[in-house]
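Student: Quick note, the sequences are listed as chains P and R, same order.
Under the UniProt record's numbering, the residues of the first sequence are numbered 1 to 374, in order.
Under the UniProt record's numbering, the residues of the second sequence are numbered 1 to 374, in order.
Below are the structure tokens for one structure; questions will follow.
Number of protein chains: 2
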Amino acid sequence: MLTATPSHHPLERVEISLGDRSYPILIGRGLIDEAGTFEDVPSSSDAMIVTNTTVGPIYAERLARSLAPRHRRVHTVALPDGEGYKTWETLNQIFDALLAQGCDRKTVLYALGGGVVGDMTGFAAASYMRGVPFVQVPTTLLAQVDSSVGGKTGINHPAGKNMIGAFYQPRLVVCDLDTLATLPERELSAGLAEVIKYGPIADVGFLDWLDARIEGLRQRDPEALAHAVRRSCEIKAEVVGRDERESGLRATLNFGHTFGHAIEAGLGYGTWLHGEAVGCGMVLAAHLSARLGLVDAAFVARLTNLIERAGLPVRAPQLDATDNSGRYLALMRVDKKAEAGEIRFVLIDGAGRAVVRSAPDALVREVIDACSCA
Amino acid sequence: MLTATPSHHPLERVEISLGDRSYPILIGRGLIDEAGTFEDVPSSSDAMIVTNTTVGPIYAERLARSLAPRHRRVHTVALPDGEGYKTWETLNQIFDALLAQGCDRKTVLYALGGGVVGDMTGFAAASYMRGVPFVQVPTTLLAQVDSSVGGKTGINHPAGKNMIGAFYQPRLVVCDLDTLATLPERELSAGLAEVIKYGPIADVGFLDWLDARIEGLRQRDPEALAHAVRRSCEIKAEVVGRDERESGLRATLNFGHTFGHAIEAGLGYGTWLHGEAVGCGMVLAAHLSARLGLVDAAFVARLTNLIERAGLPVRAPQLDATDNSGRYLALMRVDKKAEAGEIRFVLIDGAGRAVVRSAPDALVREVIDACSCA
Numbered sequence: 001m002l003t004a005t006p007s008h009h010p011l012e013r014v015e016i017s018l019g020d021r022s023y024p025i026l027i028g029r030g031l032i033d034e035a036g037t038f039e040d041v042p043s044s045s046d047a048m049i050v051t052n053t054t055v056g057p058i059y060a061e062r063l064a065r066s067l068a069p070r071h072r073r074v075h076t077v078a079l080p081d082g083e084g085y086k087t088w089e090t091l092n093q094i095f096d097a098l099l100a101q102g103c104d105r106k107t108v109l110y111a112l113g114g115g116v117v118g119d120m121t122g123f124a125a126a127s128y129m130r131g132v133p134f135v136q137v138p139t140t141l142l143a144q145v146d147s148s149v150g151g152k153t154g155i156n157h158p159a160g161k162n163m164i165g166a167f168y169q170p171r172l173v174v175c176d177l178d179t180l181a182t183l184p185e186r187e188l189s190a191g192l193a194e195v196i197k198y199g200p201i202a203d204v205g206f207l208d209w210l211d212a213r214i215e216g217l218r219q220r221d222p223e224a225l226a227h228a229v230r231r232s233c234e235i236k237a238e239v240v241g242r243d244e245r246e247s248g249l250r251a252t253l254n255f256g257h258t259f260g261h262a263i264e265a266g267l268g269y270g271t272w273l274h275g276e277a278v279g280c281g282m283v284l285a286a287h288l289s290a291r292l293g294l295v296d297a298a299f300v301a302r303l304t305n306l307i308e309r310a311g312l313p314v315r316a317p318q319l320d321a322t323d324n325s326g327r328y329l330a331l332m333r334v335d336k337k338a339e340a341g342e343i344r345f346v347l348i349d350g351a352g353r354a355v356v357r358s359a360p361d362a363l364v365r366e367v368i369d370a371c372s373c374a
Numbered sequence: 001m002l003t004a005t006p007s008h009h010p011l012e013r014v015e016i017s018l019g020d021r022s023y024p025i026l027i028g029r030g031l032i033d034e035a036g037t038f039e040d041v042p043s044s045s046d047a048m049i050v051t052n053t054t055v056g057p058i059y060a061e062r063l064a065r066s067l068a069p070r071h072r073r074v075h076t077v078a079l080p081d082g083e084g085y086k087t088w089e090t091l092n093q094i095f096d097a098l099l100a101q102g103c104d105r106k107t108v109l110y111a112l113g114g115g116v117v118g119d120m121t122g123f124a125a126a127s128y129m130r131g132v133p134f135v136q137v138p139t140t141l142l143a144q145v146d147s148s149v150g151g152k153t154g155i156n157h158p159a160g161k162n163m164i165g166a167f168y169q170p171r172l173v174v175c176d177l178d179t180l181a182t183l184p185e186r187e188l189s190a191g192l193a194e195v196i197k198y199g200p201i202a203d204v205g206f207l208d209w210l211d212a213r214i215e216g217l218r219q220r221d222p223e224a225l226a227h228a229v230r231r232s233c234e235i236k237a238e239v240v241g242r243d244e245r246e247s248g249l250r251a252t253l254n255f256g257h258t259f260g261h262a263i264e265a266g267l268g269y270g271t272w273l274h275g276e277a278v279g280c281g282m283v284l285a286a287h288l289s290a291r292l293g294l295v296d297a298a299f300v301a302r303l304t305n306l307i308e309r310a311g312l313p314v315r316a317p318q319l320d321a322t323d324n325s326g327r328y329l330a331l332m333r334v335d336k337k338a339e340a341g342e343i344r345f346v347l348i349d350g351a352g353r354a355v356v357r358s359a360p361d362a363l364v365r366e367v368i369d370a371c372s373c374a
């Protein structure tokens with residue numbers, strides 16, 4: 001699964017196996033500045049770099065230079081930055097830019113930024129002229145280890161997160177580890193939430209490694225980051241290859257997300273970062289797992305400690321002054337995993353294995369009340 | 001390909017063969033009122049009938065009764081009627097209704113109406129929670145013979161028609177011929193444009209039949225309508241089965257549409273009906289075919305006469321007072337079939353066969369000038 005380039009820094013490669021929709025994830029340093037990174041992307045007259053106003057000024061021109069051999073014209077559109085802008089209005093800015101430039105249906109879209117840019121660019125690519133190719137160039141840890149891989153794309157609706165979107169696979173994912181050097185600390189921690197997730201649901205050994213290296217990761221030790229990104233991508237690739245459209249196994253990747261989505265929606269998108277909500281959501285889900293007798297208290301304590309050391313919140317915020325747990329329940333009932341109004345939780349059934357199941361409302365309320373900020 | 005029901009009226013069945021996305025088109029009378037019509041649709045808690053304010057009052061309750069055995073709750077949302085409403089804002093009314101009713105990702109959408117309802121419902125189904133099942137129940141001739149079949153879904157953008165959408169196949173198409181009895185005359189003619197199209201591109205014998213039966217079709221002779229719908233669906237099924245995502249052959253179904261889309265966009269969506277623009281567009285494309293030496297003048301005259309007898313416009317409208325043909329060209333350059341700014345026309349190369357190719361601007365201008373209203 002790993003290959004080394006002849007150059008001085010190692011290039012790692014993880015394959016997503018989905019038949020004729022298979023594609024590689026390239027992981028390494030300085031990838032944005034190398035034209036060779038993109039040599040397997042289809043050539044076309046036009047390319048559109050979709051980025052945001054934070055990331056664009058740093059990387060867009062450098063990426064455009066590397067794309068010049070493959071596309072005659074490389075356009076750029078910079079969206080406003082933040083989860084609060086993951087809306088139809090912002091998505092439409094991509095369509096407006098594509099149409100203003102006369103982009104045809106061979107045009108390749110490049111998502112340069114974090115999860116919001118990746119999700120919106122992917123959905124724009126899925127929908128523009130009923131589908132054009134796209135490439136993910138994630139510049140946040142969260143996007144590199146999770147959202148850029150696997151083809152989930154979409155936008156938010158006031159009533160729920162990622163309610164409108166498509167399963168649409170990129171042609172290539174480029175994780176340039178150098179982009180993590182400039183990432184704000186809060187976003188690094190948010191990304192670590194999605195890294196930590198892979199331990200309890202799939203790999204106890206990785207959880208042990210994280211316990212030992214969490215401080216190094218926060219200090220951006222390049223070797224530790226490279227391992228964390230690669231191992232996360234390997235686990236995600238394995239799961240997505242077996243269940244692309246989330247008919248079963250893939251739902252386990254949403255560990256912490258049912259509670260997390262309620263927190264994000266309840267506070268208003270963008271108040272907490274997605275990764276922060278997922279970090280806290282994993283604590284809640286671990287407590288629920290324990291109350292259902294699936295894990296012991298030591299596991300809950302260990303996971304909570306790791307999440308806290310990653311710089312993430314572990315106490316659930318108040319979403320409603322009079323009926324806080326009721327508000328959580330109401331928000332979780334519109335989660336995409338819910339079926340006929342029954343909330344489906346991803347729970348840990350012994351560390352290293354996840355199950356998807358429902359739980360009595362009363363028990364869920366107890367967990368929320370026990371874990372909430374006063 | 002045909003089966004007969006034990007009941008007094010014949011039920012015809014045309015299969016769309018697309019592997020695990022295959023589905024039947026049912027053609028017959030009184031189908032909306034029979035629960036058996038829908039017996040192969042997946043059962044679920046919720047269903048949503050998406051219709052418009054014209055069709056809904058006539059058929060929505062009847063359809064809901066037939067769906068009762070398959071879905072515990074059948075909701076309805078009625079959109080404003082007309083091509084001018086094929087926008088994101090209207091699409092969002094579908095998402096709002098789905099979320100307001102707590103519809104989960106097993107919910108089945110039913111498109112009850114013409115092409116606009118079908119295209120928007122299909123795109124809503126493709127995008128809601130990244131994809132839910134849907135059924136087409138077309139109530140216009142145009143939708144029965146063309147737009148409801150083959151999985152093209154989408155909405156318009158101010159800069160071009162159907163610019164945003166998805167290839168997403170329905171589970172079933174139900175063509176209830178009785179719904180054509182109440183169709184306004186102008187819409188019946190618009191539907192005939194798409195019926196006529198199948199002759200020149202695929203079946204000269206069908207063109208002969210149309211020449212003989214066009215008056216009967218306008219008088220809604222049930223037997224003639226049944227044959228026209230079935231033969232149109234058969235040809236479309238054959239083409240879509242061989243080229244679902246329009247990498248080649250399927251583009252020939254757009255005969256008349258390159259000019260037609262320019263007319264629709266240039267006049268403002270909804271001024272001419274889609275079928276009217278396609279009818280006139282076929283006349284222009286036939287003239288262009290003749291000027292390129294692909295067909296003779298007699299064919300152009302014969303096709304123009306048939307289109308006129310179908311009650312459709314055959315003279316191109318003025319889109320610009322100072323540079324009319326330049327305006328047509330500019331609008332056609334943003335057509336989805338255009339590549340690197342080169343317009344791709346569907347032309348007739350001997351009646352019964354279509355080719356997709358470019359043409360010199362000067363020749364296109366001559367055709368537009370020669371065929372325009374003074």
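Even for Gly, the Cβ is constructed at its ideal location relative to N, Cα and C.
1. Pair every Cβ in the stretch 127–142 of chain P with every Cβ in the stretch 177–195 of chain P, then say whether three or more of these pairs are closer than 8 Å.
2. Excluding the 5 residues flanking Val346 of chain P on each side, which residues of the same chain have their C-beta closer than 6 Å to its C-beta?
3. Could you tell me whether any Cβ in chain R is nearer than 9 Å to the Cβ of Leu99 of chain P?
4. In three-state DSSP terms, what is Gln93 of chain P?
5. Any idea which residues DSSP pairs Asp176 of chain P with across the strands?
6. Hey, out of P:Arg220, P:Asp104, P:Val295 and P:Ala286, whose CA is closest to Arg315 of chain P's CA?
7. So, helix, strand or coil for Ser127 of chain R, using DSSP?
8. According to DSSP, simplified to helix, strand and coil, what is Gln101 of chain P?
9. Tell me the DSSP secondary structure of Ile343 of chain R in three-state form.
10. What are the residues in the stretch 104–115 of chain R lying within 7 Å of chain P by C-beta distance?
11. Smallest Cα separation from Val283 of chain P: which of P:Val364, P:Asn156 and P:Thr271?
12. Below 8 Å on the Cβ atoms is my contact criterion, and I expect Val278 of chain P with Ala193 of chain P to pass it. Report the Cβ-Cβ distance as a whole number of Å.
13. Under 7 Å Cβ-Cβ, which residues of chain P neighbour Val239 of chain R?
14. Helix or strand or just coil, what does DSSP make of Asp211 of chain R?
15. Would you call the stretch 157–176 of chain R and the stretch 113–127 of chain P in contact, with 3 or more CB pairs under 8 Å?
16. Who are the neighbours of Met129 of chain R on chain P, taking C-beta pairs under 7 Å?
17. Can you tell me whether Ser17 of chain R is buried or exposed? The criterion is at least 16 other CB atoms within 10 Å of its CB, across all chains shown.
18. Report buried or exposed for Pro184 of chain R, applying the criterion of at least 16 other Cβ atoms within 10 angstroms of its Cβ.
19. If you draw a straight line from the alpha carbon of Pro360 of chain R to that of Ile307 of chain R, how long is it in whole angstroms?
20. Since I believe Thr51 of chain P is in contact with Ala68 of chain P (beta carbons under 8 Å), could you give me their beta-carbon distance rounded to a whole number of angstroms?
21. When you check each C-beta in the stretch 339–368 of chain P against every C-beta of chain R, which residues fall closer than 8 Å?
22. Can you find the residues in the same chain that come closer than 7 Å, C-beta to C-beta, to Arg230 of chain P, ignoring five residues on each side of it along the sequence?
23. Roughly how many angstroms lie between the CA atoms of Ala310 of chain P and Pro200 of chain P, to the nearest whole one?
24. Would you tell me roughly how many angstroms separate the C-alpha atoms of Gly114 of chain R and Gly275 of chain R, rounded to the nearest one?
25. Under the rule that 16 or more other beta-carbon atoms within 10 Å means buried, what is Val204 of chain R, buried or exposed?
26. Give the residues of chain R in contact with Phe95 of chain P, contact being defined as C-beta atoms less than 8 Å apart.
27. Quick one: grab the DSSP three-state call for Gln136 of chain R.
28. Which residues in chain P have a C-beta closer than 8 Å to the C-beta of Gly160 of chain R? List them in chain order.
29. What residues in its chain sit with their C-beta under 6 Å from that of Thr76 of chain P, if we drop five residues either side in the sequence?
30. For a contact meaning CB atoms closer than 7 Å, what does Ala126 of chain P contact in chain R?
31. Grab the span of the beta strand (DSSP E) containing Thr76 of chain R for me, first residue to last.
32. Given a cut-off of 9 Å on the beta-carbon distance, is the pair Gln123 of chain P and Leu98 of chain P in contact?
33. Using a Cβ-Cβ cut-off of 7 Å (strictly less than) and excluding sequence neighbours within five positions of Arg242 of chain R, which residues of its own chain qualify?
34. What would DSSP say about Ala354 of chain R, mapped onto helix, strand or coil?
35. In angstroms, rounded to a whole number, what distance separates the CA positions of Ala262 of chain R and Leu331 of chain R?
36. Return helix, strand or coil for Ala197 of chain R, following the three-state DSSP convention.
Tutor: In brief:
1. yes
2. Thr252, Asn254, Phe255, Ala354 and Val356
3. yes
4. helix
5. P:Gly28
6. P:Ala286
7. helix
8. coil
9. coil
10. Of all residues in the stretch 104–115 of chain R, Asp104, Arg105 and Lys106 have a Cβ within less than 7 Å of some Cβ in chain P.
11. P:Val364
12. 5 Å
13. Residues of chain P passing the Cβ test: none, with the nearest at roughly 16 Å.
14. Three-state result, Asp211 of chain R: helix.
15. yes
16. Met163 and Lys336
17. Classification of Ser17 of chain R: exposed, given that the 10 Å Cβ count is below 16.
18. exposed
19. 26 Å
20. In fact, because the Cβ distance is near 17 Å, the residues do not count as touching under 8 Å.
21. Glu339, Ala340 and Gly341
22. Glu12, Val14 and Ile27
23. 15 Å
24. 12 Å
25. exposed
26. Residues of chain R passing the Cβ test: His157, Met163 and Ile164.
27. strand
28. Leu99
29. Ile49 and Ala60
30. Ala166
31. His71 to Leu79
32. According to the sequence as given, residue 123 of chain P is Phe; it is not Gln. When the beta-carbon positions are compared, Phe123 of chain P and Leu98 of chain P stay at least 9 Å from each other.
33. Leu249
34. strand
35. Answer to the nearest angstrom: the Cα atoms are 5 Å apart.
36. The sequence shown places Lys at residue 197 of chain R, not Ala. DSSP places Lys197 of chain R in helix when its eight states are reduced to three.
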